[in-house]
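Notes to accompany the following structure.
Numbering (this note's numbering), first residue to last: 39 to 136.
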């Protein structure tokens with residue numbers, strides 16, 4: 039699943055909250071309904087299981103962590119899910135990719 043959002047105006051404000059619910063932000067409580075992803079209700083899944091299913095949130099302009107590139111971080115997160123599923127990991131992704 040890929041959700042593209044716009045970073046300005048009222049629409050972004052709503053989408054930001056939806057994304058936080060989908061990744062199980064503890065400051066949000068869902069009181070009804072369901073979110074079906076790959077045949078499973080995301081709201082019944084633990085955050086780790088949502089990630090393994092393929093749901094991951096990253097920031098458009100992430101805070102820099104010395105020694106950790108954004109592409110390297112995303113690669114590590116993706117491979118963690120692949121390991122959990124018993125799938126082979128992807129190799130390192132070059133930081134020069136834009």
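Note that beta-carbon positions come from the ideal geometry of N, C-alpha and C, so glycine has one too.
Going by alpha carbons, who is nearest to residue 72 out of 121, 113, 56? Checking every option, the nearest Cα to that of residue 72 belongs to 56.
Among residues of its own chain, excluding the 5 on either side of residue 89, which ones have a beta-carbon nearer than 7 Å to its beta-carbon? Contacts found: 119.
Considering only the beta carbon of each residue, do residue 81 and residue 68 sit closer than 8 Å? Closer than 8 Å, so yes.
With a threshold of 6 Å on Cβ separation, who are the neighbours of residue 127 within its own chain once the five nearest residues in sequence on each side are excluded? Non-local C-beta neighbours of residue 127 in its own chain, meaning closer than 6 Å and more than five positions away in sequence, comprise 117, 120, ordered along the chain.
Is residue 111 helix, strand or coil by DSSP? Residue 111 carries a helical assignment under DSSP once its states are collapsed to helix, strand and coil.
I need the DSSP call for residue 131, collapsed to helix, strand or coil. Note: residue 131 maps to coil in three-state DSSP.
Decide if residue 123 is buried, meaning its Cβ has at least 16 other Cβ atoms within 10 Å, or exposed. With fewer than 16 other Cβ atoms within 10 Å, it is exposed.
Comparing alpha-carbon positions, which option in 129, 115, 131, 102 lies nearest residue 94? Answer by Cα proximity: 115.
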